[in-house]
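Sequences listed follow chains F and S, in order. Residues in the first sequence are numbered consecutively from 1, following my numbering. Residues in the second sequence are numbered consecutively from 1001, following my numbering. C-beta: ideal position from N, C-alpha, C; glycine also.
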Amino acid sequence: MTAQTSIKTNYSLGIATFIGLSALNIGAWFLFFNPKGIMRLYTPMYGFSMVVILLAMVITVIDLFNCWPLRRKADEKISPVQGILLTGITLFLTWAVMFGLFHNLIGKFGITYFSPSAIVATGETGTEIFNARENSSTALIYLFAAYIWVAVGWKTSFKGWPWSGESLATVGFSRLMTVSLMSVLAYAVFFHPHVGYLFSPPQKLAAVAPWWESLADTGSSYYHLGWVVCTVAILIMSESLWEGYPWRIVSRDKGSLPGGIFTFLGSVVSGFVMMLVMKKGMDLYWGMPFVGGQYLDAPYFRYLHAAEMAGFLILATLVVSIYFGNLLSGSNLMVRILTRTVVLVILAALLMWFYYAAGPLFLGTVPGIAQPEDTPLCWSFFMISFVLMHRHFFNAAPLQAQS
Amino acid sequence: MDRREFLKITGMGGAALAAGGISIGLPKQSQAAKKEDIGEIKSLKVTVLSETSWFDNDIFKKDMMDGGGTMASQYDIAWNKENSGGYSALLEIEQLDGSKKKILMDSGWNTSWMDYVFKMHGVDQMLKKKEIDTMVLTHWHLDHYWGIESTLRHNPNITIYAPNTHYPEDMKLLKGGKFEKPGCSNSIPHKGKLVECDAKNIVKLMPGVAIKNFDVPIILRVRGENVLYFNVKDKGIVTVTGCCHPGILSLYSFARNNFAKGEDVYGSYGGLHITLFETWDPKFDDIIKGLKAFKPEKLGCNHCTGWLFAEKAAAAGLPIVKGTDKFRSYRKVSSVAKNNNVFLTNGDTVVFG
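See below:
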């Protein structure tokens, strides 16, 4: 998910390219998700689940498989035709995973709540098709949020270890298996209890009651979504803007087991702290939330909003590293990191402002913050997917990428 | 870079992130330095004229999803008119001196249904005779507002207290307008006073009765909801809501922070906007837990509260007021109506005081 190669700096062209990509993104948003658009899939969970799975597939193709099978060697350049093919593969994977693997295979022959039609077939209270689709989508959002975290965490933490020197295919499939296993474990512990309690009666024999309720003042898994997305943001920022620090203190360039564990666990701790810092800021500004509060008063909203802000930080990080050429290449490390971080935060705030202020015009969203039927994560993840595909499938054209 | 340098950077970054994050959005309502005394009433009687805004959840939800989902404008959706009903309640207030005042809360959706409901309860005559000269519109949602013609037909000069957070389409309808796609119209322009309630001020309607607009974004591109607060002598605060989109605990919290004796919560009437479509979420368990902390004595809920929430809340020991079989005398009943009368429904009454 990171932009590990630099781009020759031409700020005007970089900004123009980003604006052009944003226009394309807003066009695609209008086609698929905009409530005033064509397909209107942002209901919100149904469309949001598509976006999360899309991002997960983008990361799978880029971070786990390094664009194999179209790229045979790690340093091979991707041609525009290959870029189009990779885009097609990613979109196909998104469709196949969501509708094939989950809605029609796992959902119908394994775990009911992954398939809207299987939920409806139970005939239980409230299981009409639209609720069922939203609930099934909620489960997919959580599962693939865990997958994104583990995939980015594994790649950034363990780098090539333990498959250095192996072919891209071997590394890709090995990483896929590892990441899938770990993300299923993470999902089971952090998210499945919430999904099990989305139904009436609660699925007590399949899922424990949300065990974090007394810690978080909510039974909602937004608590975990908060630190998970913050952790991903920390990983992306450290890899792209902080030149691998602080993990480089321990971790080697080619990766190692101790370095990997240090980075992986360290990023989780950092992500959790980041969520708490953000929540503290919100508590100071909006007052303390309370158990059972809704909108701004809801503890779960504060955690979700931390994730939403982290989503904008991820997007801003990618913009700084890809379209602004990572700003400074000279001077000392401290200055470089500070400058990039300041610009990153300003840019993230601007992107956030765009979403809330211009979103109703460009994205068809409802004005206001804490609207239960809207989360900026959907659009920021959609935009992040575009930026990553542009960078890795199309070499950030027309900018000139340098390895 | 050593560890100390790194810690310095991350500390500064964290502070900047927090500052960036909190710079967006509206500030919380400032808590009044001095609490407002809204006075007292002797009692409040609420008659449920209609709480069945629609009769079949599946049809309503399908219309909404086909029209673009929860964030689409209500005016851009082709609603199934046969499925529409409406939400409206009659509030009868007894002042400390024994005088009585009637207020109409909301005017429903389908005018044919609302005409029938108003006639059944004599509201049409009360409007004509000016026994009811005030309507509080809780919010601009279709099921609370689009039946406005049923009210204006009998009293076009009625004073309306409504949230100031309206859209041009809302005003067009009020002044006499028609929308083909969603299927709503009003042929009788409102000629009375429109009091637009803002989120900054509390409107004191009469001793013991106040309106507060909570400016929150609501599904179907609606903003803001007016909440009625009553202070019942020797009992405490009662909230009366259309849908309670801001959240019942936020309402109680507001009373506690802003009204004299606001910490004494007596109860609530109205929709609580929880298990609207009879589906659950762990955050609803949070609400039950939070409600128990406030120890209300009487919870008269219905409409978007959802039968499921009422059942679970009652099972958890909350004082949910049960309904009767009166709703069966109406010409149409909701598809989710249950025999256990889990909450107040059409034709039921509840008294606070």
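Check, Outcome
"Minimum Cβ-Cβ distance from Thr1279 (chain S) to chain F less than 8 Å", "yes"
"Complete beta strand (DSSP E) runs within the segment 1237-1296 of chain S (minimum length 3 residues, chain order)", "1265-1271"
"Close Cβ partners of Gly160 (chain F) (< 6 Å) along its chain, the five nearest in sequence each way excluded", "Lys254, Gly255"
"Cβ separation of Asn135 (chain F) and Tyr113 (chain F), assumed to be a contact under 8 Å, to the nearest whole Å", "6 Å"
"Chain-ordered neighbours of Ser1185 (chain S) on chain F, where CB pairs are closer than 7 Å", "Those within 7 Å of Ser1185 (chain S) in chain F number zero; the least Cβ separation is about 23 Å."
"Span separating the alpha-carbon of Lys1292 (chain S) from that of Gly1317 (chain S)", "8 Å"
"Pick from F:Glu308, F:Ala310, F:Val277, F:Arg340 that is closest to Ile322 (chain F), judged by C-alpha positions", "F:Arg340"
"Rounded straight-line distance, which links the Cα of Gly20 (chain F) to that of Ser12 (chain F)", "12 Å"
"Residue span of the alpha helix (DSSP H) that contains Met1171 (chain S), given as start and end", "1168-1174"
"8 Å CB neighbourhood of Trp247 (chain F) in its chain, flanking five on each side removed", "Thr156, Ser157, Ser238, Gly259, Phe262, Thr263, Gly266, Ser267"
"C-alpha distance - Gly325 (chain F) paired with Gly14 (chain F), whole-angstrom precision", "8 Å"
"Stretch-stretch touch, CB-based, cutoff 8 Å, three pairs: the segment 1070-1079 of chain S with the segment 1095-1106 of chain S", "no"
"Under 8 Å (Cβ pairs) to chain F, residues found in the segment 1125-1146 of chain S", "none"
"Interface partners of Ser200 (chain F) on chain S, CB under 7 Å", "Trp1280, Leu1308"
"Below-8 Å beta-carbon distance, Thr1070 (chain S) vs any chain F residue", "yes"
"Beta carbon proximity, Lys36 (chain F) to chain S, threshold 8 Å", "yes"
"From F:Gly281, F:Gly88, F:Tyr142, F:Val319, residue whose alpha carbon lies closest to that of Tyr223 (chain F)", "F:Tyr142"
"8 Å Cβ shell around Phe1277 (chain S) - same chain, five flanking residues per side excluded", "Asn1057, Lys1061, Gly1306"
"Cα-Cα separation, Val1389 (chain S) to Ser1253 (chain S)", "Residue 1389 (chain S) lies beyond the residue range present for chain S, which begins at 1001 and ends at 1353; the question has no answer from this structure."
"Selected residue, minimal CA-CA separation from Ala209 (chain F), among S:Lys1283, S:Met1064, S:Thr1165", "S:Lys1283"
"Buried or exposed by the 16-neighbour rule on C-beta atoms within 10 Å, applied to Lys1175 (chain S)", "exposed"
"Against chain S: residues of the segment 109-123 of chain F by CB proximity under 7 Å", "none"
"Chain S residues whose Cβ lies nearer than 7 Å to that of Ser220 (chain F)", "Pro1282, Lys1283"
"Distance between beta carbons of Phe301 (chain F) and Ala370 (chain F), contact taken as under 8 Å", "5 Å"
"Among S:Pro1217, S:Leu1251, S:Asn1186, the one whose alpha carbon lies nearest that of Ile1211 (chain S)", "S:Leu1251"
"Rounded Cβ spacing between Thr1345 (chain S) and Gly1242 (chain S) (contact assumed at less than 8 Å)", "About 16 Å separates the two Cβ atoms, so there is no contact after all."
"Arg995 (chain S), buried or exposed, once every other Cβ within 10 Å from all chains shown has been counted against 16", "Given a span of 1001 to 1353 for chain S in the structure shown, any question on residue 995 (chain S) remains unanswerable."
"Chain S contacts from the segment 270-301 of chain F (Cβ-Cβ distance under 8 Å)", "Ser270, Val273, Met274, Val277, Met278, Lys280, Gly281, Met282, Leu284, Tyr285, Trp286, Gly287, Phe290, Val291, Gly292, Gly293, Gln294, Tyr295, Leu296, Asp297, Ala298, Pro299, Tyr300"
"Rounded straight-line distance, which links the Cα of Asp217 (chain F) to that of Asp1106 (chain S)", "35 Å"
"Alpha helix (DSSP H) segments (min. 4 residues) lying fully within the segment 221-262 of chain F", "222-240"
"Leu70 (chain F) - DSSP class collapsed to helix/strand/coil", "coil"
"Proximal residues to Thr1047 (chain S) (C-beta, below 6 Å), its chain only, five neighbours per side dropped", "Leu1090, Thr1349"
"Per DSSP, the bridge partner or partners of Asn1339 (chain S)", "Note: Asn1339 (chain S) sits in no beta bridge, so no partner."
"Chain S within 8 Å of Val409 (chain F), Cβ atoms only", "Because chain F is modelled from 1 through 403, residue 409 (chain F) falls outside the range shown and cannot be assessed."
"For Tyr1161 (chain S) and His1144 (chain S), the rounded distance between their alpha carbons", "13 Å"
"Burial state of Thr170 (chain F) (16 or more Cβ within 10 Å)", "exposed"
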